[in-house]
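Report on the following structure.
Residue numbers (the UniProt record's numbering): 1 to 386.
Written out as structure tokens, the structure reads:
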């Protein structure tokens with residue numbers, strides 16, 4: 001049910017966020033800071049995945065033999081190229097993109113619409129006000145949907161274990177454990193860096209984000225946590241224009257959990273196939289993943305498609321994807337939660353770089369804001385996220 005509110009919520013929040021920036025200079029400044037942060041986070045996550053998989057070598061000794069190269073045909077769709085990325089990024093119709101919940105296409109449309117509204121100034125005010133009101137409506141609807149969350153989570157986990165069996169988790173425990181160690185280290189590093197930039201008060205945000213991160217973990221969907229994450233960011237003190245801009249874009253370009261998985265899993269398959277990758281090849285892999293991973297939000301079964309494309313680049317048997325299929329649903333849970341945490345921290349950092357202050361324990365001084373500049377934070381009584 002959460003997916004039905006993602007499209008209207010992303011459009012309304014992102015368009016309003018861009019429109020409220022007012023001028024191209026402000027938009028360009030925030031845009032450049034956001035993408036600088038995303039590039040740094042991408043490099044960190046991919047490099048950390050490579051470091052841990054080389055340190056522990058979970059694929060060593062498996063001696064996988066690819067008997068059937070067509071065994072992974074269900075995973076591979078079309079080769080991941082610039083043409084494929086552009087075709088996924090640019091919507092043929094926004095209605096079609098909303099119907100299929102193509103988040104990247106929705107973001108692209110929203111950016112163009114938001115820039116257009118910002119360019120025409122006061123004439124756009126009626127539309128901006130309507131979309132701003134739509135945000136409240138969607139958050140209220142989210143509260144109703146979240147009432148069913150405990151039942152949905154229980155059913156999802158029970159069905160997954162019934163389908164895959166506990167034996168899958170035991171047999172692949174080493175691989176899963178070492179990847180979750182990677183995610184744990186990524187959390188620690190990102191929270192530590194956020195503390196240096198924002199201040200010790202980042203602990204309040206970390207605690208608040210645990211609720212939407214847990215929802216993302218249990219549903220294996222970072223998109224499901226979008227409304228809750230946006231709500232928590234605004235309660236923390238991130239302005240609506242920053243949160244509404246950074247968060248939707250982060251869901252397309254800052255999937256650090258998924259990026260760490262792509263580098264970790266690719267080298268794992270190489271190890272399982274007894275293929276040694278040189279340092280130069282792994283650096284090349286890092287650069288390739290920096291590009292290909294940016295289109296993951298627009299591709300079905302994104303991580304698997306990106307991994308398959310990377311395997312092909314280094315002549316690693318694509319049939320090795322079979323090794324991941326049994327455990328991927330369990331790993332997707334951790335990836336989704338990490339994506340939520342990273343995007344929340346990113347919004348707080350960009351807000352701090354823009355001079356925002358988040359209360360006691362944070363760096364900087366509290367700015368004076370007029371009531372017209374920000375929409376008020378939704379109260380807990382208005383949107384129940386439990």
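Glycine is no exception: its CB is placed at the ideal position from the N, C-alpha and C atoms.
Classification of residue i by the beta-carbon crowding that lies within 10 angstroms, buried from 16 upward
| i | result |
| --- | --- |
| residue 96 | exposed |
| residue 144 | exposed |
| residue 121 | exposed |
| residue 331 | buried |
| residue 137 | exposed |
| residue 276 | exposed |
| residue 279 | exposed |
| residue 32 | exposed |
| residue 4 | exposed |
| residue 303 | buried |
| residue 365 | In this predicted model, residue 365 has a pLDDT of only 49, less than 50, meaning its place in the structure is not dependable enough to derive any value. |
| residue 15 | buried |
| residue 453 | The structure shown has nothing for residue 453, since the chain only spans 1 to 386. |
| residue 36 | exposed |
| residue 389 | Absent from the model: residue 389. The displayed extent of the chain is 1 to 386, so no value can be given. |
| residue 291 | exposed |
Integer Cβ distance of residue i from residue j, believed to fall under 8 Å
| i | j | result |
| --- | --- | --- |
| residue 349 | residue 194 | 6 Å |
| residue 270 | residue 45 | The Cβ separation is near 19 Å, so there is no contact. |
| residue 263 | residue 289 | 6 Å |
| residue 324 | residue 64 | With a Cβ gap of about 11 Å, residue 324 and residue 64 do not count as contacting. |
| residue 307 | residue 265 | 5 Å |
| residue 358 | residue 198 | 7 Å |
Assigned secondary structure, residue i (DSSP; H/G/I helix, E/B strand, else coil)
| i | result |
| --- | --- |
| residue 227 | helix |
| residue 248 | helix |
| residue 300 | At residue 300 the pLDDT is 47, less than 50, meaning the model places this residue with poor confidence; the figure from the coordinates comes in the next sentence. If DSSP states are grouped into helix, strand and coil, residue 300 belongs with coil. |
| residue 92 | coil |
| residue 189 | helix |
| residue 100 | coil |
| residue 64 | coil |
| residue 346 | helix |
| residue 275 | coil |
| residue 59 | coil |
| residue 179 | helix |
| residue 254 | coil |
| residue 122 | helix |
| residue 11 | helix |
| residue 202 | helix |
| residue 356 | coil |
| residue 73 | Any reading at residue 73 is ruled out, since the residue's pLDDT is 46, under 50, leaving its predicted position unreliable. |
| residue 49 | helix |
| residue 42 | helix |
| residue 168 | Note on residue 168: pLDDT 47, under 50, position unreliable in the model; no value is reported. |
| residue 108 | helix |
| residue 315 | coil |
| residue 320 | helix |
| residue 221 | coil |
| residue 327 | coil |
| residue 239 | coil |
Own chain, CB closer than 7 Å to residue i, minus 5 neighbours either side, in chain order
| i | result |
| --- | --- |
| residue 175 | 58, 268, 327 |
| residue 11 | 106, 110 |
| residue 19 | 114, 117, 118, 124, 128 |
| residue 178 | 52, 56, 58 |
| residue 206 | 191 |
| residue 354 | 30, 242 |
| residue 182 | 48, 49, 52, 260, 264 |
Close-in-space but distant-in-sequence residues of the same chain around residue i (CB under 6 Å, 5 per side omitted)
| i | result |
| --- | --- |
| residue 250 | 343, 346 |
| residue 134 | 12 |
| residue 8 | 138 |
| residue 196 | none |
Beta-carbon contacts of residue i that lie in its chain and below 8 Å, excluding the five residues immediately before and after
| i | result |
| --- | --- |
| residue 243 | 13, 17, 230, 233, 234, 347, 351 |
| residue 185 | 48, 52 |
| residue 41 | 190, 254, 256, 342, 346 |
| residue 108 | 89, 90, 91 |
| residue 286 | 43, 46, 47, 50, 263 |
Heavy atom of the ligand ATP within 7 Å of residue i beta-carbon
| i | result |
| --- | --- |
| residue 138 | Among the components modelled here there is no ligand, and therefore nothing to report on the ligand ATP. |
Q) Any contact of the region 253–264 with the region 332–344, i.e. 3+ C-beta pairs under 8 Å? A) Output reads yes: the region 332–344 touches the region 253–264.
(Q) Within 8 Å, do at least three Cβ pairs link the region 23–39 to the region 227–238? (A) By the Cβ criterion, the region 227–238 is not in contact with the region 23–39, since fewer than three pairs of Cβ atoms, one from each stretch, lie closer than 8 Å.
Q. Pairing CB atoms from the region 202–217 with CB atoms from the region 225–234, are three or more of them under 8 Å?
A. The region 202–217, when compared against the region 225–234, does touch it at the 8 Å Cβ threshold.
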